[in-house]
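A.B. asks:
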Amino acid sequence: GMSQIKTLDLSGFNMENVEQIPWAFQNCTSLEEIKGMETWTLGKVVRAIDMFKNCNSLNFIDLSNSSLPSSANTNGMFSMSADATDEAKELFVVTSDAKIMSYNFKSSNRTAPTLTVDANGGTFADGETVKTKEYFTVTPEEYKNPEQTIQKDIENFGEFANSGYRFKGWEKVTTQSENVGKFNASY
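Note that the sequence shown covers residues -8 to 178 in the numbering used here.
1. Excluding the 5 residues preceding and the 5 following residue 122 in the sequence, name in chain order all residues of the same chain whose CB lies nearer than 7 Å to its CB.
2. Counting only runs of 3+ residues fully inside the segment 91 to 157, write out the beta strand (DSSP E) ranges in chain order.
3. Going by other Cβ atoms of all chains shown within 10 Å of its Cβ, with 16 needed for buried, is residue 69 buried or exposed?
4. Relative to the ligand NAP, is the shortest distance from any of its heavy atoms to the C-beta of residue 134 smaller than 7 Å?
5. Here's a check: name, in chain order, each residue in its chain whose Cβ is nearer than 8 Å to the Cβ of residue 89, leaving out the five neighbours to either side.
6. Does the beta-carbon of residue 4 have 16 or more other beta-carbons within 10 angstroms, so that it is buried, or is it exposed?
7. Here's the rule I'm using: 16 or more other beta-carbon atoms within 10 Å means buried, otherwise exposed. How should residue -5 be labelled?
8. Taking the alpha carbon of residue 110 as the point to measure from, which residue in 145, 132 and 49 has its own alpha carbon closest?
9. Distance check for residue 13 and residue 40, CA to CA, integer angstroms please.
10. How about residue 133 and residue 103: are their beta carbons less than 8 Å apart?
11. Buried or exposed for residue 42, please, with buried defined as at least 16 other CB atoms from any protein chain shown within 10 angstroms of its CB.
12. Could you tell me the alpha carbon to alpha carbon distance between residue 168 and residue 71, rounded to whole angstroms?
13. Determine the extent of the beta strand (DSSP E) in which residue -1 is found, giving its start and end residues.
14. With 16 other CB atoms within 10 Å as the buried threshold, where does residue -7 fall?
15. Look at the alpha carbon of residue 50 and the alpha carbon of residue -3, and state the distance between them as a whole number of angstroms.
16. So the beta strand (DSSP E) residue 53 belongs to, where does it begin and stop?
The structure is reproduced here in structure tokens:
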């Protein structure tokens, strides 16, 4: 059944007039990749309930061109089963869609690639010693330029101070080669 599928190529699918897409990939537990979704517009979708529910192995979704209507029902769109024994699963979505960007991924038992910046013995202006930013979603532009996006987010963390030291720059202590991995970094 659908639970054994690892890769889907949906390139060329015209989704322009689709109104109902609930449960489309629900329980595709082995699904690791869906090709072609970056061209989907989804502008007429009314229901996308549980669309990617329990896609345990799917950690990247490219919905670059999707523009869901604000009234679309996205309840559980990216949800994972939340039994006490179930671990949250990482998910990274490329989109400019406001509806998807405001989706509550945490309540759907999802985690995100995370940028962690440690003041290394100092503190930021607000007194914190570590700052983090979760990347559940990034825009297509941010995805194409991860280093620039991360640099901007680090600057947004604000100044930090460490008595007796002068700041010379950030040193990256972890790295990954793919764009998704680049958003999962520590400085």
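Quick reminder that beta carbons are idealized off the backbone N, C-alpha and C, glycines included.
C.D. replies: Reading it off the structure:
1. Locating residue 122 in the sequence shown gives position 131, counting from the first residue. Here the set comprises 108, 115 and 148.
2. 105 to 109 and 121 to 125
3. Residue numbering aside, residue 69 sits at position 78 when the sequence shown is read from its first letter. Buried is the call here.
4. This structure lacks the ligand NAP; in fact it carries no ligand of any kind.
5. Locating residue 89 in the sequence shown gives position 98, counting from the first residue. These residues qualify, in order along the chain: 61.
6. On the sequence shown, position 13 is the one that residue 4 refers to. Burial call: exposed.
7. Against the sequence shown, residue -5 aligns to sequence position 4. So residue -5 ends up on the exposed side.
8. Translated into positions along the sequence shown, residue 110 becomes position 119. Minimum Cα distance to residue 110 is reached at 145.
9. Working through the sequence shown from its first residue, we reach residue 40 at position 49. Working through the sequence shown from its first residue, we reach residue 13 at position 22. Going by the C-alpha atoms only, they are around 5 Å apart.
10. Here residue 133 corresponds to residue number 142 of the sequence shown, with the count starting at 1. Here residue 103 corresponds to residue number 112 of the sequence shown, with the count starting at 1. Taking 8 Å as the Cβ cut-off, residue 133 and residue 103 do not qualify as a contacting pair.
11. Mapped onto the sequence shown, residue 42 falls at position 51. Classification for residue 42: buried.
12. Residue numbering aside, residue 168 sits at position 177 when the sequence shown is read from its first letter. Residue numbering aside, residue 71 sits at position 80 when the sequence shown is read from its first letter. Because the pLDDT at residue 168 is just 49, under 50, the model does not fix this residue reliably, and the point stays unresolved.
13. Residue numbering aside, residue -1 sits at position 8 when the sequence shown is read from its first letter. Residue -1 -> beta strand (DSSP E) spans -2 to 0.
14. The residue given as residue -7 occupies position 2 in the sequence shown. Result: exposed.
15. The residue labelled residue 50 in the question sits at position 59 within the sequence shown. The residue labelled residue -3 in the question sits at position 6 within the sequence shown. Cα to Cα, residue 50 sits roughly 12 Å from residue -3.
16. Taking the first residue of the sequence shown as 1, we reach residue 53 at position 62. Here the beta strand (DSSP E) through residue 53 covers 51 to 53.
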